[in-house]
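Numbering (the numbering used here), first residue to last: 142 to 588. For each residue, glycine too, the CB sits at the ideal point set by N, CA and C. What you are looking at is a predicted structure, and each value in this text was computed from that prediction instead of being measured.
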Ligand code: GLU
């Protein structure tokens, strides 16, 4: 059996996009599940549009995702290889140097053209079945500007041949390129790889996918606080599924379950909400220490210093924060809106905010809090957990009216209309701070 060799062959004319990740992932999975080889090949034959920064971005993104390659090539390092094959084709008579009439000033007067046999090419595509094209209309197409400057179609075919690529897995925008590549392949005496063209990825409204739909560079997702596991899980299911309703799938499971023959024909749909949902799932699985680092990195400086000084409180709020976000990027947004400050400093708020809608009398609200204080005092410091606090207060709150007890209590602790419940808050803050904040609220009510 020949060893399976796949490749991901991006042109560094743009950043690593979420759609390209799918191409890379499927190629990677197929190689891994067959104990094969996965090649990363940078296709920079277009000298004007290719940029080093894009190459770096692509490599960086793949590395972050864990899509490791076994071999790396850059087409601009390989001119000798292309030249050798160009010369061989010319010697064979399947290509020729063509004198051109320059149409514009500075245009070249010579290019290398492929001698098109002008026939119908039929190839099999794993996802789509047999596809036929009449290549006559292509004429004798150009394959190199000169011996040092091969064009894309030629370089791809030479490389797939030289690198012994057995399976070409790529976007379906390349389908129409395949027949001419096959002609070149045959002229080179190269074997034909197995082709699988992946369906397009569309926006939910079936329009062309764009940034507006949340489709970004992979490195941007990283900055927004998405996890590689979520991105991989998400892209894996755009165009393939393991044949059941499984939505959560790890890279190891994908290696086991992935099937090239199960790639869907129809377009896949990009759904940012699904990506967020997956990310939320994976965020919750992170070890607390790692999640803590991600959160801290997104705190504004003042808050970060406070969190670092109060590491005990910070370690307790990690789960609370995780509960409310889908991406770590949201932490920055909430932090800037003042959402977490009350964990580290006593809140300041107007007196009326303490009043429950059905309990507008400050002295009565103060009475409720006085009673809460008494109940809290009875709990031992070390047992100051959400459960014991709730048990201590619940009966009284039920009897006196839950809103009129729990609202001012929660407000006294957080100073915000929305926050975790007062039992969780109290346990995070600890007995001393909880009591101090409630006393402050009572003073404010009676003042
Ligand atoms: N460089 C080509 C692209 O980025 C690769 C196509 C292929 O995989 O053959 O579209």
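In the DSSP assignment, residue 250 falls outside any beta strand (DSSP E), carrying neither H nor E. Checking the 6 Å criterion, the Cβ of residue 311 is within range of a heavy atom belonging to the ligand GLU. In this structure, the straight-line span from the alpha carbon of residue 518 to that of residue 423 is close to 39 Å. In the structure shown, residue 588 falls within a coil segment according to DSSP collapsed to helix, strand and coil. Separation of the CB atoms of residue 159 and residue 356 is rounded to 5 Å, and the pair is thereby assigned contact status at 8 Å. For the region 187–249, the continuous beta strand (DSSP E) assignments of 3+ residues that do not extend past its boundaries occur at 212–215 and 236–240, in sequence order. For residue 306 against residue 325, the beta-carbon gap comes to about 14 Å, at or over 8 Å, which does not count as contact.
Separation of residue 474 and residue 313 (C-alpha to C-alpha, rounded to the nearest whole angstrom) is 38 Å. Residue 436 is a Cβ neighbour of residue 472, given a cutoff of 7 Å. Residue state for residue 504 is assigned as helix, using DSSP reduced to three classes. For residue 297, the CB falls within less than 6 Å of some heavy atom of the ligand GLU. Beta-carbon to beta-carbon, residue 549 and residue 497 are separated by about 6 Å, close enough to satisfy the 8 Å threshold. Between residue 180 and residue 148, the gap from beta carbon to beta carbon is short of 7 Å. With a threshold of 16 other beta carbon atoms within 10 Å, residue 401 meets it and is buried. Note that the C-beta distance between residue 178 and residue 211 is below 7 Å. DSSP, reduced to helix, strand and coil, places residue 419 within a helical segment of the structure shown.
For the region 346–387, the full-length alpha helix (DSSP H) segments reaching 4 residues or more read 359–364 and 369–377 along the chain.
Taking a contact to require three or more Cβ pairs closer than 8 Å, the region 229–241 and the region 384–397 do not qualify as touching. For the pair residue 162 and residue 376, the CB atoms are nearer than the 7 Å cut-off. For residue 273, the uninterrupted beta strand (DSSP E) segment begins and ends at 270–275.
For the 7 Å CB-CB criterion, residue 454 and residue 484 form a contact.
Nearest Cα to residue 407 within the set 427, 380 and 397: 380. If you draw a 10 Å sphere on the C-beta of residue 509, you find 16 or more other C-beta atoms in it, and that means buried.
Per DSSP, residue 533 has no beta-bridge partner at all. The three-state secondary structure of residue 171, taken from DSSP, is helix. Short note on residue 184: C-beta closer than 6 Å to some heavy atom of the ligand GLU. Following the DSSP letters along the chain, one finds residue 319 inside the alpha helix (DSSP H) bounded by residues 319–329. Counting other Cβ atoms within 10 Å of its Cβ, residue 228 stays below 16 and is therefore classed as exposed. Looking at the DSSP output, residue 261 bridges to 275.
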